[in-house]
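In the numbering used here, the protein residues as written are 109 to 195. We put the beta carbon where it would ideally sit given N, CA and C, even for glycine. Note that the structure is a prediction, hence the values are computed from the model and not measured. Accompanying notes for the structure given below.
Take a look at the structure:
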């Protein structure tokens with residue numbers, strides 16, 4: 109999986125939880141919960157959707173590492189062993 113495929117998977121997971129979200133409008137460093145008005149249950153559903161999309165278990169202790177789109181990509185890329193930007 110490339111970083112761009114990972115980005116698509118994260119955006120798809122977000123849209124599955126917040127269907128009215130415009131993936132193109134999500135700012136990479138904006139807090140996702142505020143940007144998309146995600147409550148706690150929606151966030152858990154997002155984590156489940158991420159797991160289904162990329163196969164990474166995200167322990168509750170790591171939820172804070174999924175605070176922004178860029179943070180999600182960094183965390184998941186690290187867990188999947190995907191190298192930097194161009195991978």
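- Distance from the CA of residue 153 to the CA of residue 125, rounded to the nearest whole angstrom, comes to 7 angstroms.
- The Cβ atoms of residue 184 and residue 122 lie no closer than 8 angstroms to each other.
- With respect to residue 136, residue 178 sits close: the two C-beta atoms are nearer than 8 angstroms.
- Residue 166 places its beta carbon less than 8 angstroms from that of residue 174.
- The straight-line gap separating the alpha-carbon atoms of residue 180 and residue 117 is approximately 11 angstroms.
- In terms of Cα proximity to residue 151, the closest of 112, 141, 130 is 141.
- Annotated as proximal: residue 161 and residue 120, with beta-carbon spacing under 8 angstroms.
- If you ignore the 5 residues before and after residue 157, its C-beta comes within less than 7 angstroms of the C-beta of 121, 124, 125, all in its own chain and listed in chain order.
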